[in-house]
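Trainee: Line by line, the protein sequences give chains A and B. Going left to right, the first sequence walks through residues 1 to 403 as our numbering numbers them. Going left to right, the second sequence walks through residues 1001 to 1403 as our numbering numbers them.
Number of protein chains: 2
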Amino acid sequence: MLIVKKFGGTSVADKERIFNVAERCIREYEKGNDVVVVLSAMGKYTDELIAKAREINPNPPRREMDMLFTIGEQMSVSLTAMALAKLGVRAVSLNAFQVPMNTTSIYGNARIKKVDTERIRHELEDRKIVIVTGFQGINKYNDYTTLGRGGSDTTAVALAAVLNADACEIYTDVDGVYTADPRLVPRARKLDTITYDEMLDLAALGAGVLHNRSVEMAKKYNVPLVVRSSLNEHEGTLVRGVAKKMERMIISGVALDENADRISVIGIRDQPGSAFKLFNVLAKKGINVDIIIQSIGRHGTKDIAFTVAHENLRDAMETLENSQDMLGFESLECNEDVAKLSIVGAGMMSNPGVAAKMFECLYNNNININMIATSEIRITVLVAVKDAVRAMNAVHDTFCLGD
Amino acid sequence: MLIVKKFGGTSVADKERIFNVAERCIREYEKGNDVVVVLSAMGKYTDELIAKAREINPNPPRREMDMLFTIGEQMSVSLTAMALAKLGVRAVSLNAFQVPMNTTSIYGNARIKKVDTERIRHELEDRKIVIVTGFQGINKYNDYTTLGRGGSDTTAVALAAVLNADACEIYTDVDGVYTADPRLVPRARKLDTITYDEMLDLAALGAGVLHNRSVEMAKKYNVPLVVRSSLNEHEGTLVRGVAKKMERMIISGVALDENADRISVIGIRDQPGSAFKLFNVLAKKGINVDIIIQSIGRHGTKDIAFTVAHENLRDAMETLENSQDMLGFESLECNEDVAKLSIVGAGMMSNPGVAAKMFECLYNNNININMIATSEIRITVLVAVKDAVRAMNAVHDTFCLGD
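If you want it as structure tokens, here you go:
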């Protein structure tokens, strides 16, 4: 078997943890398996590099920022190779130039295009544990790029895909994927399996265990993903194409995203193209918009409300203010005191009344629903931040997710 | 003109110094010159990396050590590129994969084989300041190597050679090459020019301004080297093939090396091959031997004494003890309380009596000479450590090096 294992920054934060990772890899290796390890930068090292850069240039060129970032993973992989050598196991560390890991050209947010497997296969045939820098790639100019948030997960899945690995294990500080964040919902339960689609919706909605792009890639190439703890030997959660029938529940999880703000555009002209123009202006600035509601206003106008991630709020408001004449609206409002609560589950499609059950639950708990959005496998409502955790627990209980 | 500038670790140790380097490069750039900058790792960063590695593995694989080391220079070059961007000048940082800088395969002590100039030339034509990582290369396995002590000087000279640069400026914390170490000899004087050969002997003897390999390479490719201060605009010392006639002195400098220890092999069999066997045993262990003296002993035996670098003393003694039967000597002695004092100068060849003048000076100052070795352009004596600095000043005065 060929197993790809990915460990995040906290898993390699210090000497003890690096040896923990090394020992874990050796246990797999000693079963006779081929082991490829993907590592992030140690602990808060990337933050330290950002601080170093900003001290010199508050607005550093992205190309040079990526040149600086990539040293973080190179440190992790070389130190881990040394730990494996100390434990008597042959290992080799490889950076993006050595793999090579080819990406698109956009610094800070590149996408993997092509992964060469020759060097890795050669080292595996030589019975070495191969340790690859996560998060980084090289572009057509032969410059370093980085893959953006959660990039190391994506590196691991890409390697698992091209190497046709038997599993891609993502190690984290929790035991797997839960029906809800256990820090917020005490009765949350760990799932044994979940589908890619469910995982995608949970990831997008702030479950935060896996990054979206890595799940999308796993789905596309049908890579069996396992989310498990680096601190114990528990089985974790298997993410795959189709869930077992017996296990399938109507909904598999509840997710909360407190990082959403609501913007309302009041009194926009009710004419064709007005919504397009509005969201086009935001898209050009790279601002993603979520839940959208349009309602009829007075005197031939309408109101459009939507949510944006908190870090984009100021930018979105400024962009809209600067476009007021062109878009022709009356006023703007924003509300930072909102949270997105979602239920996710592939079983929803064939079970009518799920939405109604959720709304009833919220009504019974006297929680006001601000906005609603639905897809085939999720229902999202916007509620006040003060109600969010209470709402989450109530919904979790209503759907008997605890067990 | 194309100028290669090399700055060591202290010159890029913090934000202020990085900006100092950046401004210095911009002044050159604004004259209309092409500027290639070679940088070492910041301050004591390489030492920090060694400590990190040793914490994990006291005897780390050299390949992984080089993988770890190379991040030091990558940090320097990316941060300096950011500083140049802040000052409004276009710059690009390049590592050994991007140059590419091809070396032999030996990790930790590789030699430069071939430097590709296409990328650098392209960036220079684009009117960018090009910042290259010193000290590092890649070998035929596509792995990082490092060039050993003083490696960044060698990188700079190699780049100056292949780019046919008009000058290779080595920036340091002193104003240039002195007739003796100014910290030990208060009347020491800065030299305006010195030949490659003189510089080689001074470097080998512990003057410590430039590393031997970089001077050898500069001589081979006739690269005009300038040693100057990063802290002021003084002219520095030009190192080149032939010194100007008018300036040529009999000797150009006095060097002291306190890092030498003396080993005496007593009563070795006086038969053909005994000296060969002795030094062969040491050479196999990679131990370099300097000044050698052989004298007749009693009863068909002889004594052989020589010096080794202090870090090799223990290893050399153990090696010889283990080979006592094979080499057939009576006993071993060692003396750590010795220093090598040398005078160096191309003028020596055509000036008989230089050695006599040196020995007379030492005799007048009541300094005992332990051993003597000479080459065409240098005379070295071994003296007691307690006499060393006094001897150095006396010799410096005798040859009127002060002015």
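Glycine included, C-beta positions come from ideal geometry on N, C-alpha and C.
1) For chain B, find out if any of its Cβ atoms is closer than 8 Å to the Cβ of LYS15/A; answer yes or no.
2) Considering SER1342/B, what are the terminal residues of the alpha helix (DSSP H) in which it resides?
3) Starting from the beta carbon of MET67/A, find every residue of chain B whose beta carbon is closer than 8 Å, and list them in chain order.
4) Roughly how many angstroms separate the alpha carbons of ILE194/A and HIS396/A, rounded to a whole number?
5) Distance, Cα to Cα, GLY150/A vs MET1042/B?
6) Output the boundary residues of the beta strand (DSSP E) element that contains CYS25/A.
7) Mind checking whether LEU992/B and THR1117/B have CB atoms under 8 Å apart?
8) For VAL1308/B and GLN1324/B, what's the separation of their Cα atoms in angstroms?
9) Does DSSP put MET65/A in a helix, a strand or coil?
10) Can you confirm whether LYS1086/B, when its beta carbon is compared against all beta carbons of chain A, has any partner nearer than 8 Å?
11) At what residues does the beta strand (DSSP E) containing GLU1330/B begin and finish?
12) Determine the chain B residues that contact ALA53/A at a beta-carbon separation under 9 Å, and present them in chain order.
13) Where does ILE287/A sit, in a helix, a strand or coil, going by DSSP?
14) Please confirm if the stretch 252–265 of chain A is in contact with the stretch 166–180 of chain A, defined as three or more CB-CB distances below 8 Å between the two stretches.
15) So is ASN280/A buried or exposed if we call it buried at 16+ other beta carbons inside 10 Å?
16) DSSP puts GLU118/A in a beta bridge; with which residues?
17) Between LEU94/A and VAL132/A, is the Cβ-Cβ spacing less than 8 Å?
18) Three or more C-beta pairs under 8 Å: does that hold for the stretch 1009–1021 of chain B against the stretch 184–202 of chain A?
19) What residue range does the beta strand (DSSP E) around PHE135/A cover?
20) Mind listing, in chain order, the continuous beta strand (DSSP E) runs of no fewer than 3 residues lying wholly within the stretch 123–186 of chain A?
21) Measure the beta-carbon distance from ALA1083/B to ILE1129/B and round it to whole angstroms, keeping in mind my assumption that it falls under 8 Å.
22) With a 10 Å radius around its C-beta and 16 neighbouring C-beta atoms as the bar for buried, classify HIS211/A as buried or exposed.
23) Per DSSP, what kind of secondary structure is VAL254/A in: helix, strand or coil?
24) Contact defined as beta carbons within less than 8 Å: I believe SER1105/B pairs with GLU1073/B. What is the distance between those atoms, to the nearest angstrom?
25) If you measure from the beta carbon of GLU118/A to each beta carbon in chain B, is any gap under 8 Å?
26) Classify ALA1158/B as buried or exposed, calling it buried when 16 or more other Cβ atoms lie within 10 Å of its own Cβ.
27) Could you give the residue range of the beta strand (DSSP E) that holds ALA188/A?
28) Got a sec: is the Cβ-Cβ distance from PRO984/B to anything in chain A below 8 Å?
29) Please classify THR374/A: does DSSP put it in a helix, a strand, or coil?
30) Report the option in PRO60/A, ARG54/A, MET371/A and ARG378/A whose CA atom is closest to the CA atom of ALA384/A.
31) Of the residues that make up the stretch 272–283 of chain A, which ones have a beta carbon closer than 9 Å to any beta carbon in chain B?
32) Reducing DSSP to helix, strand and coil, say where GLN1098/B ends up.
33) Select from ILE377/A, PHE359/A and THR374/A the residue whose C-alpha is nearest the C-alpha of ALA394/A.
34) Suppose the cutoff is 6 Å on Cβ atoms and the five residues either side in sequence are ignored; what does the same chain contact list for ILE1266/B look like?
35) Taking the C-alpha atoms as reference points, what is the distance between PRO1272/B and HIS1299/B?
36) Let me see if you follow: with CB-CB separation under 8 Å, is ASN1142/B close to chain A or not?
Mentor: A quick look at the data gives this:
1) At least one CB atom of chain B sits nearer than 8 Å to the CB of LYS15/A.
2) For SER1342/B, there is no enclosing alpha helix (DSSP H); the enclosing beta strand (DSSP E) covers residues 1338–1344.
3) Here the neighbours are GLN1074, VAL1077, SER1078, ALA1081, SER1093 and ASN1095.
4) Computed Cα separation, rounded: 17 Å.
5) Rounded to whole angstroms, GLY150/A to MET1042/B spans 29 Å at the Cα level.
6) Following the DSSP letters along the chain, one finds CYS25/A in no beta strand (DSSP E) but inside the alpha helix (DSSP H) bounded by residues 15–29.
7) Here chain B covers residues 1001 to 1403 and nothing more, so residue 992/B does not appear.
8) Distance between the alpha carbons of VAL1308/B and GLN1324/B: 19 Å.
9) Look at MET65/A here: in three-state DSSP terms it is helix.
10) Nearest CB-CB separation between LYS1086/B and chain A: below the 8 Å threshold.
11) From DSSP, GLU1330/B is part of no beta strand (DSSP E); its letter is neither H nor E.
12) Simply SER1078, LEU1079 and MET1082.
13) It is coil, neither helix nor strand.
14) Touching, per the Cβ criterion.
15) It counts as exposed.
16) DSSP output for GLU118/A lists no bridge partner at all.
17) The answer is yes: Cβ separation under 8 Å.
18) Under the 8 Å Cβ criterion, the stretch 1009–1021 of chain B does not count as touching the stretch 184–202 of chain A, having fewer than three qualifying pairs.
19) Note, PHE135/A: premise wrong, no beta strand (DSSP E); not H, not E.
20) The qualifying runs are 129–133, 136–138, 144–146 and 167–172.
21) Going by Cβ atoms, the distance from ALA1083/B to ILE1129/B rounds to 11 Å, so no, they are not a contact pair.
22) Buried, since its Cβ has 16 or more Cβ neighbours within 10 Å.
23) In the three-state reduction of the DSSP assignment, VAL254/A falls in the strand class.
24) That belief does not hold up - the Cβ atoms of SER1105/B and GLU1073/B are roughly 20 Å apart, past 8 Å.
25) So, not an interface residue.
26) It counts as buried.
27) Run containing ALA188/A: none; DSSP gives neither H nor E here.
28) Look at the range of chain B in this structure, 1001 to 1403, and you will see that residue 984/B is not part of it.
29) It is a strand residue.
30) Minimum Cα distance to ALA384/A is reached at MET371/A.
31) Residues: none.
32) Of the three classes helix, strand and coil, the one that applies to GLN1098/B here is coil, per DSSP.
33) Selected option, being the one with the closest Cα: PHE359/A.
34) By the criterion of a C-beta distance shorter than 6 Å, ILE1266/B is surrounded in its chain by ASP1303, GLU1330 and SER1331, once the five residues flanking it on both sides are discounted.
35) Whole-angstrom Cα-Cα distance: 16 Å.
36) By the rule that beta-carbons nearer than 8 Å mark a contact, ASN1142/B touches chain A.
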